[in-house]
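Q: In the UniProt record's numbering, the protein residues as written are 1 to 346. Beta carbons are placed, not taken as given, at the ideal position from N, Cα and C, and that holds for glycine.
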């Protein structure tokens, strides 16, 4: 099996660095400070410095790759800083998402989900057993191989595409780094998963303030498909990760991207790199807007544990399936459905 010796580097995030990122809200209170938040700890979450992974200094680059290998194997999630995406690009995208959700219901109904394979899908998420209580409003677009976004409001599609193209470039480069951490040449994942025509999905969500007394779960515990998932949001908090039998609050450093391993990278590595469970907690003060992008293999890619991670001591943990078939089996609920791992686990 391909192995990389981990080098543990401490990268502490100070409280001042936990500033609200891309905040368009009039109230920047942390979502996790609300009275009715689900219990979770504030344990440290690893931070990966993107610029160090591609540093011209060989020693810095090696240490950064070793740390990335450790984080992917031990955690499966991290903050990505110094990624090169301009603040203005991130800001415009989140502002555009907010403006879309502020359209009239009649305007948004033009994009209502009619078929699971629609390239643009708008819909509502309700509280279980209460179809009067909206917990989430979402918009999903299929930005790759060919970008197509809503034509309302004016300029939104362009700002979203600008963000997506930059984000995709970062994730493709990150895939090259991940390939190296697994002991392969840098283009391994790109070739193995057909990323040139990868089937990506961007899911934009708005979570309104929640004032009811029942559990403020905006999105239940779930895993994400794909190989890597990137997330940006307009306020600090709201996301919780399950790690070592407990929930951890996510406090994103300013202008960072949150990244987690997807189900299909877990399958490919036969469980070496793990797709983390996570959920969204609602707030009673501010509206949370997020953009989560699932970066996936091509639809026809048959994803299974590769030989380098299978031997007598490590038998296959998952059966193989094309990416398209695994999405169809999950009803194309890319962000909010059951884990693909439930379908594939042997």
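Measuring alpha carbon to alpha carbon, tell me which of 105, 81, 89 ends up nearest residue 158.
A: Here residue 158 corresponds to residue number 158 of the chain shown, with the count starting at 1. Answer by Cα proximity: 89.
Q: Curious, which full-length beta strand (DSSP E) runs of at least 3 residues does the segment 79–157 contain?
A: 120–127, 130–141
Q: Could you check which residue in 98, 71, 325 has the C-alpha nearest to that of residue 304?
A: Mapped onto the chain shown, residue 304 falls at position 304. Put simply, of 98, 71, 325 the residue whose alpha carbon is nearest the alpha carbon of residue 304 is 325.
Q: Would DSSP call residue 181 helix, strand or coil?
A: Taking the first residue of the chain shown as 1, we reach residue 181 at position 181. Three-state result, residue 181: helix.
Q: In three-state DSSP terms, what is residue 294?
A: Here residue 294 refers to the residue found at position 294 when the chain shown is read from its first residue. In this structure, residue 294 counts as strand in the three-state DSSP scheme.
Q: Please go through the same chain and pick out, in chain order, the residues whose beta-carbon is closer than 7 Å to the beta-carbon of residue 220, but skip the five residues on each side of it.
A: Stepping through the chain shown from its first residue, residue 220 is reached at position 220. Excluding residues within five positions, the ones whose Cβ falls inside 7 Å are 279.
Q: Starting from residue 277 and walking both ways along the alpha helix (DSSP H), at which residues does that stretch end?
A: Indexing the chain shown from 1 puts residue 277 at position 277. Counting along the chain, residue 277 falls outside any alpha helix (DSSP H), and DSSP gives it neither H nor E.
Q: Quick one: what's got a C-beta closer than 7 Å to residue 242's C-beta in the same chain, skipping five residues either side?
A: By 1-based counting over the chain shown, the position of residue 242 is 242. Answer for residue 242: 221, 276, 277, 278, listed in chain order.
Q: Could you check what DSSP says for residue 321 in three-state terms: helix, strand or coil?
A: By 1-based counting over the chain shown, the position of residue 321 is 321. If DSSP states are grouped into helix, strand and coil, residue 321 belongs with the strands.
Q: Taking the DSSP output, what are the residues bridged to residue 207?
A: For the purposes of this step, residue 207 is taken as residue 207 along the chain shown, with counting starting at 1. Partner(s): 288.
Q: Do residue 168 and residue 208 have their CB atoms nearer than 9 Å?
A: In the chain shown, counting from the first residue as 1, residue 168 sits at position 168. In the chain shown, counting from the first residue as 1, residue 208 sits at position 208. No, the Cβ-Cβ distance between residue 168 and residue 208 is not below 9 Å.
Q: Counting Cβ pairs, one atom from each stretch, are 3 or more of them under 8 Å apart for the segment 241–257 and the segment 185–202?
A: no
Q: Using the C-alpha atoms, what's the distance from residue 267 back to residue 274?
A: Along the chain shown, one-based indexing puts residue 274 at 274. Along the chain shown, one-based indexing puts residue 267 at 267. Their Cα atoms are separated by approximately 9 Å.
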